[in-house]
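Contents: one structure, followed by commentary.
In my numbering, the protein residues as written are 4 to 332.
As structure tokens, this is what we get:
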């Protein structure tokens, strides 16, 4: 069997249709930024075929690597994944609660060393599990995701414990920002979507608290929600088009939820609260708009449509909130 026929079979199998023509796959690849997202069992089959082709001398290592990089793995949401994710989340909350409840019983340095040891141990365990699953071609394992989520949560305990040991006098919002930054760096370093989802949530909380800290009003909060929705949607579009398609979904889902929430809040009466634009709101809107322009220029047609829907919702909500505020002034 020739290489062209085998490649067509591989592409068709990647799409999930044994007899589907290969142009369908290329349409899917364009919509995912040049990479096809499908189940890991199909990836395992493709890797076995690539190994066989190399052994037969049909393709070389460079060609096999190029073909393999066009595909990323995903898994459906299963009960096991939900249970493990919830268990990891509750374990993270319990760990932070344990640190907070026993501050006065253990010397500060010992507390810090203990929390750091737990964090490093969980991180090492997560990556050992990831390496084992990768050797078995079991990418996207829920066990690895739960372990990485635990490690990311333990990093938050390290941040807050370090602040307590150093007698940090700043706001807790700053610590949440440090936690979010560390988790996002960890997620991108190891390629884990579970810590990425946590990092996106933490970054959202951090910005909302920073934006509403100066002027505590419904107008400011609703505007901040819409601004960050536009920013996250732009990042999702850039991931899907130019960077990591598998990392787009946390940014996309959070942005859609925030856009709907912000539009709802912008239609509510604001009362007599402050309606001014803080520096955080202005800076956030400028950055989000810049990211949206970049995503619109670099993105595919499908990505532009998704981004346009969120952008229209965000700017419509901001305009509605500003107009209602002006009517009541």
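Beta carbons are placed, not taken as given, at the ideal position from N, Cα and C, and that holds for glycine.
Query                                                                                                       : Result
Cβ-Cβ distance between residue 261 and residue 196 below 9 Å                                                : no
Reference residue 233, options 319, 174 and 149, closest by Cα                                              : 319
Sub-9 Å separation of residue 259 and residue 236 beta-carbons                                              : yes
Strand pairing of residue 189, partner residues [DSSP]                                                      : DSSP, once it has assigned bridges, lists no residue as partnering residue 189.
beta-carbon residue 305 near the ligand GDP non-hydrogen atom, thresh 8 Å                                   : In the structure shown, the ligand GDP is absent, as is every other ligand, since no ligand is present at all.
Straight-line gap, residue 306 to residue 253 (C-alpha atoms, nearest Å)                                    : 15 Å
Range covered by the alpha helix (DSSP H) that runs through residue 168                                     : 145-168
Anticipated Cβ contact below 8 Å, residue 155 with residue 118, distance rounded                            : About 14 Å separates the two Cβ atoms, so there is no contact after all.
Inter-residue Cα distance where the pair is residue 314 and residue 57                                      : 47 Å
Where the alpha helix (DSSP H) containing residue 206 begins and where it ends                              : 196-216
Buried versus exposed, by CB contacts within 10 Å (16 or more), residue 120                                 : exposed
Helix, strand or coil at residue 314 according to DSSP, with G and I counted as helix                       : helix
Cβ shell of residue 30 (< 7 Å), same chain only, five flanking positions each side left out                 : Its pLDDT being 34, under 50, residue 30 is placed unreliably in this model, and the value from its coordinates should be taken loosely. Cβ within range, chain order: n/a, list empty.
Presumed contact (8 Å Cβ cut-off) between residue 176 and residue 209, rounded CB distance                  : 6 Å
Rounded C-alpha distance that separates residue 227 from residue 111                                        : 37 Å
Beta-carbon proximity of residue 230 to residue 308, cut-off 9 Å                                            : no
For residue 284 and residue 326, the rounded distance between their alpha carbons                           : 17 Å
Exposure of residue 269, with buried meaning 16 or more beta-carbon neighbours within 10 Å                  : buried
Proximal residues to residue 178 (C-beta, below 7 Å), its chain only, five neighbours per side dropped      : 162, 163 and 166
Cβ-based neighbour list, residue 133, same chain, cut-off 6 Å, excluding 5 preceding and 5 following        : 147
Alpha carbon of residue 238 to alpha carbon of residue 310, nearest angstrom                                : 10 Å
Cβ neighbours of residue 316 in the same chain (closer than 8 Å, five flanking residues each side left out) : 229, 232, 262, 263, 265 and 266
Proximity to residue 182 [Cα-Cα], best of 55, 205, 50 and 66                                                : 205
Whether residue 368 touches residue 129 by CB criterion (9 Å)                                               : There is simply no residue 368 to check, as the chain begins at 4 and stops at 332 in what is shown.
Member of 192, 251 and 287 whose CA lies at the smallest distance from the CA of residue 224                : 287
Where the alpha helix (DSSP H) containing residue 292 begins and where it ends                              : 282-301
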